[in-house]
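Chains as they are written, first to last, in the working numbering: chain A, 1181 to 1307; chain B, 1181 to 1307. Note that CB positions come from ideal geometry on N, CA and C, so glycine has one too.
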DNA sequence: CGCCTATAGATGTAATATGCATCTATCCGA
DNA sequence: TCGGATAGATGCATATTACATCTATAGGCG
């Protein structure tokens, strides 16, 4: 944001901002490892997610004890670090989701407000 | 985000990320000046909005010709800089809103996904 | 008038976050 | 044993943010 107002996500994908709730949700659905999480997160709409940030983020969450992990050998390819949600992480997910609900509401009202704009500005949704 | 997963907006307010669409929408509703926009933006849910960023942002948008502005004397207090949306800004609003719609959709599906989580994780929304 | 306060707006800067490229290591199959 | 795919980790240059500070003007007041 700031200096060049232009820069925001160009495609219309969910800002990387929501990486955290996504990861927590994914891990609430079951243990997983970085690479897989990366793909799932991308499939969820965070197209801009990239390995660097994701691995770092996972590590940071572990430091906060939202998740815990261990190495696990795999048949095919190098060992993986498997992550599971901790109890604390479950609480974090809950909080995140609450925030997201608030965001959704604001978003919805903002969008509604746009749709009821008097004139041509709302052309995308008018006959 | 990243390094310390804790840091994100704590309250659950709309990330300042959405400052741009908010400002464009507000200005699509009519001309306004910085101070007033700041308050409106805050009322819309972006509690974390602060003067510094907002004024800078307005200036940046003007450089991109999304808005244009001029000084206007006021009875009470110092002169204000009044901003109006340009045609180009109207287009920008349109694009922003399209992105926001996408975000909303992802958000909604993410939230649904949370609500259908098997066990206790979804305690906040189950009987 | 001289001073104080509230309103408006502009800037500087340190701390953080992100994006991107790169690096290591392991396994598989040819 | 070499090359490719899988996994994960890291370094570093930019971007972004939050905060504090600074200027300027109008209005009220003693």
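Relative to the Cα of residue 1236 of chain A, the nearest Cα in the group A:1225, A:1258 and A:1218 belongs to A:1218. For the pair residue 1273 of chain A and residue 1204 of chain A, the Cα-to-Cα distance works out to about 6 angstroms. Residue 1219 of chain B does not reach chain A, its nearest Cβ partner there being about 16 angstroms away, counting only Cβ pairs nearer than 8 angstroms. Interface annotation, residue 1261 of chain A: not in contact with chain B, CB-CB separation never under 8 angstroms. According to the DSSP secondary-structure assignment, residue 1265 of chain A is paired through a beta bridge with A:1247. Between the alpha carbons of residue 1281 of chain A and residue 1209 of chain A lies a gap of roughly 19 angstroms.
For residue 1242 of chain A and residue 1279 of chain B, the gap between their C-alpha atoms comes out near 32 angstroms.
Between the C-alpha atoms of residue 1260 of chain A and residue 1285 of chain B there is a straight-line separation of about 32 angstroms. Closest in alpha carbon position to residue 1267 of chain A, among A:1256, A:1214, A:1223 and A:1207, is A:1207.
With the criterion set as a beta carbon lying under 7 angstroms from some beta carbon of chain B, the members of the region 1221-1242 of chain A are 1224, 1225, 1233, 1236, 1237, 1240 and 1241, in sequence order. Here residue 1229 of chain A really is in contact with residue 1222 of chain A; their C-beta atoms are around 5 angstroms apart, less than 8 angstroms.
According to DSSP, residue pairing for residue 1212 of chain B in a beta bridge involves B:1263.
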